[in-house]
Every structure is written in structure tokens, then in C-alpha cells.
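Have a look at the structure below, then the notes.
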Amino acid sequence: MATTLSTEVTFDATVSNTGKSILLEVTSDFGGTSLTWDAPDTAGLVKIVDPVGGASAPFYNNTDTSAPDITVSTKTAANTDVTVATDDITITSHGYYTGQPVIYYLNSGTVISGLTDLTCYYVIVVDSNTIKLATTRANAIAGTQIDLTSAPTGTYSFIYISGSLSLPVDSDLNYYKGDYDISVYLYDTGATTVQEYRTQHIPLNYTTPAITLTNSYSVITPIFLKSVDDTTYLYDNVTPTISRDFTLYYPQNYGSYNVTTKTLSTSGFYGGSPATHGLKLISTLTYTFTKAYYSDATGVLVPWYMNDIVTKNDEINVYSNVSGCDIYCCLKTLEEKVEAAKNTPRFAALVEKQARATALARLIQQAYECNKSEDVNDYKTELNRITGCSGCDDCGDSVTQVVGIGTLPVVTKKGFVTLTSTVSSYTFTALAGQDFTQGDFIPIVEGEDAECIAGYTITFNAITGTISYGTSIFSGSKIGYRLIR
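For what it's worth, this note's numbering labels the leading residue of the sequence shown as 804, then goes sequentially.
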């Protein structure tokens, strides 16, 4: 069997960290001097030299041409499947991914103007039935397509030549870290004794990043449960492309949601006190490393790729039997008792209780504003004990909004500014584009509810976040807003 080193043999190597495998995709052009057979007739064998066995005892070395590691998949299209105006090519249910290498092969007629027969291109997926082509994988990912200037005649095919093999693993089922030499031997299925090969050297030392989630919640308006991915995914100075799936999977009866897109509504918060909420993050990572090289061209770096999927589960106990309305009702009840006890022996004791209850109410409000909702329940229990009140009968069913879970901006509950000039309207950027309505907040002027001041006709622009007061607010005045829902 004749094996010949050929620089025309090129391939992409992609390691799956979760699958403990390596995908080899041929990126060769078949119009050269050594790869002279038709691309659809290609097959290949693979040899893997791992860091443990070394060259003397390779982990894998297939020499059986009747059972090739590298095989061909073909998709055929016609001249009518090219849309020159948009550079689109229609292939029903193509199954490709963006960045996938394919060899363009002319079956009959003339080529698509802009492409060259027997040349490797890279797919840009438009939809499940439509693709564009790029000259490099980087261009495909960037969406930079080739300009197709005229449709072909006849038919043509896209040839995908690939194979996937397992990597050697230790007793803990982790692949061995270190330097690998991956050799691909290509041959014509009609002449298997003549093989063209090349070896790619890959330094495989990747470690899965440890996932860090920062979770926060509030049980008073605006109600939210938020989880932010604070993980450092940078590895070997390479930042991967990342797709994330956040899911809220507790409590029962509320189902599971991809909460990067869904807004939930609830009365109060889910469940009792405390309610257990679960968060699940699945991040899919794709790294592009550039420290591989072909062993016959040491020093000329080529990219190789790492795919990884990391999962993180968190559970949060949320104390949810608290509302600002309940606090108001209890204080109101105590105030009525104090008023009724004037000129009686009970008055002094009730005034003392009222002072303590008022102090607790301030602590509760501060806990809300500082995102210390976990402290609220203790303060509320003590407030209920002092006042002998468990809340209002008509407070518990008001619907409030869960702002979200995921990589969302912090909700600004209030904002104030001292005017430097006289205005009739003011734009609060924190209110812009948040789907707030005028009933979601109280506009404030000089510490008063602006809508309670005679002569003020308040309007609100939800797109810009602009509050219009219907009258002039003078320079030096303090204006602001406080979210109530």
C-alpha cells in the first residue's frame, strides 16, 4: 500500500468535551495534483497517537479500507435552486450547520458563477431548506457570503466528507490531556491502495469552566427572581461563542419556562413560606483555538475547535408571605387603636408599640430597597406580633409582575433628580423601554405625589421614559418616581 504525504489533504478537527470524541471534517480542494479523483468517491482512514501510548503504541490506527472512518454524504441540487439576487441555494432539509465545510461538485452543465468546481466552501444556514456559501469558516460565522452572479445549468452536489471517533479515556472517563497527532488518510474507493495523508498536531489541555450564578429576588413590587451568569469562560485567551438556556423548574404547578424570553405573572410569589425555586443553566460553548499545526509545516498554525456543554443547578428558598400592603394595613390598625385609646391607661403602651412598629416598617422598606428580601420575613413576623395583625383581607390577590430570570438589567425601583432649570417634562432613562405604564409608578415632586397636587395632569411616554407634568416645575425642585408595581 502506497501512502504519500500531501499538503492538499486538509481537515478541521473539533473535540467534544462532553462526548469525549473528535470530529474530523475534510476541507480539501479536489482540483489539485494529488487528490485527482472525484470527491464523491472519497473515503478515509484515521490514526490517533495519544499522549499516553505515543507513536509506538497509538490509541487508534485503522488500516481496513473496507471499514473507513471517513465517509461521504451528498446533497444534490439543480440550476433552478439558485437565487442569484440573494445568493441563496435551496436544498430541502439539508441538515447543515453554519461553518460546515462542503465540496462543491459539478455533476453536469455549467458551474454557478462565483464558485469553482471541486472546491471546499463553508455553509451559512439561512433556514432548514436554504443556505449561502462562504470562502472560510470565519466568514460563514460572520455571515459574509459569496456573491453568486449567475445560475448554472445542469445539476451539482455538495459533498460532506467526515468521520467521528472516540478519544482515549482514563478510569474516571476523562480523556487524556496532552499532545495528540491525528492522521487522516484519503483514498479513492476504486483504488484503495493509493492513499494521500496528513497529520495534524493538537495540544488538548482544555478544562471545563466552573459555573458561577449570582441569584437575587424581591418579594415586593417589582417582584422578581433573577439569576445572572457570572462565569469566566475565557480559556487560553480565547472567549467562546455561548448560547444559554435558563429554566425555572420549581415550584410545582407553574411548569418550566425558558425565562430568557418569557415574563411570568403571579400574585405575591410562588408557593408558601419559604417556597423552593430551582434554576437550571445550560451553556453551550464553542471555542476556536489556533495552536494546532500540520506536522509537515511546523509553525504554521491552523485552527481547531472545542465544543462543551456545561450545566448548573441552583435552588433558592424564597420567603414569600410578605407584601407592602400588609404592612400598611397593620400600621393603620395600630394607629386606629392608638387614636381610640387617647386619655386612657392603655395609650402610653400603645404609643410605645407604634414607635416600635414604625421602626420595623422602616427596616422592612430598607431591606426591600437593598435587595435583602431574605430579612423581610423576620421583620414582618415581629411586626405582626406587636400589632396583633396578620394583614389586610383585600391585599393578597393583587397581580404583580415577575420581571425576569436571566441576564437581565437590575430593576431601578426609584429615581430622583434636582432640576437645574425649569421644565414641564423630564426623561428618566431607567423607565424607558421597560413596558411600564403610568399606573406602575408614582411621579413625585418635592416629596409629594404629583398626581395629588391640584393643576397637575400627568402623562407618560413608555418608549422614552418621559414624564410630562402639565405645568412648570421650577429650577431647584426635586422630582422623581417610585415604582409600585
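Don't be surprised by glycine CBs; every beta carbon is placed ideally from N, CA and C.
- Check the Cα spacing between V929 and each of T1136, D891 and E1139: the tightest is with D891.
- Annotated as distal: I1112 and R1159, with beta-carbon spacing of 8 angstroms or more.
- Looking at K1183, L970 and T1274, the one whose alpha-carbon comes closest to that of T1161 is K1183.
- DSSP lists no bridge partner for N932.
- R1149: not part of any beta strand (DSSP E); DSSP gives it neither H nor E.
- The three-state reading of DSSP puts D950 in coil, since its state is none of H, G, I, E or B.
- The three-state reading of DSSP puts S1046 in strand, counting E and B together.
- Excluding five sequence positions before and after T1240, the CB atoms of its chain that fall closer than 7 angstroms to its own CB belong to A1265, given in chain order.
- Taking all protein chains shown into account, L1104 has fewer than 16 neighbouring C-beta atoms within 10 Å of its C-beta and is therefore exposed.
- Around the C-beta of N820, 16 or more other C-beta atoms lie within 10 Å, and the residue is accordingly described as buried.
- Separation of the CB atoms of V875 and I964 is rounded to 5 angstroms, and the pair is thereby assigned contact status at 8 angstroms.
- Secondary structure at I892: strand, using DSSP grouped into helix, strand and coil.
- Distance between N1120 and N1018, taken at the CA atoms: about 11 angstroms.
- In the DSSP assignment, A941 falls within the unbroken alpha helix (DSSP H) covering R940 to A945.
- Relative to the Cα of K878, the nearest Cα in the group L918, Y907, K1217 and D867 belongs to Y907.
- Rounded to whole angstroms, the separation of the alpha carbons of P854 and I873 is 23 angstroms.
- One thing to note: T813 has its Cβ no nearer than 8 angstroms to the Cβ of T836.
- Restricting attention to beta strand (DSSP E) runs no shorter than 3 residues, the stretch 840-890 encloses them at 845-852 and 874-881, ordered along the chain.
- Non-local C-beta neighbours of T1267 in its own chain, meaning closer than 8 angstroms and more than five positions away in sequence, comprise T1230 and A1235, ordered along the chain.
- L936 places its beta carbon less than 8 angstroms from that of Y924.
- Taking the CA atoms as reference points, Y1108 sits about 34 angstroms from N882.
- Linking L1134 to Y1036 through their CA atoms gives a straight-line distance of about 50 angstroms.
- Burial is judged here by how many other beta carbons sit within 10 angstroms of a residue's own beta carbon; K1145 has fewer than 16 and is exposed.
- Ranked by how close their Cα comes to the Cα of L1007, the residues L970, S1228 and S1030 have L970 in first place.
- Inter-residue distance for T1089 and I1261 is about 51 angstroms (C-alpha atoms, whole angstroms).
- Assigned with DSSP and collapsed to three states, C1192 falls in coil, not helix or strand.
- In this structure A816 touches Q1003 by the C-beta definition: roughly 6 angstroms separates them, less than 8 angstroms.
- Secondary structure of S960 (DSSP, three-state): strand.
- Distance from the CA atom of F833 to the CA atom of L1016, rounded to whole angstroms, is 49 angstroms.
- Cβ-Cβ distances below 6 angstroms link P1106 to T1091 and T1093 in the same chain, with the five nearest sequence neighbours on each side left out; the list follows chain order.
- In this structure, the CA atom of A860 is about 43 angstroms from the CA atom of D1033.
- Contact annotation: the stretch 940-950 does not touch the stretch 856-870, with fewer than three C-beta pairs closer than 8 angstroms.
- Ranked by Cα distance from L838, the options T901, L921 and V849 are led by L921.
- In the DSSP secondary-structure assignment, I1112 is bridged to T1087.
- A straight line joining the alpha-carbon of Y900 with that of N932 spans about 12 angstroms.
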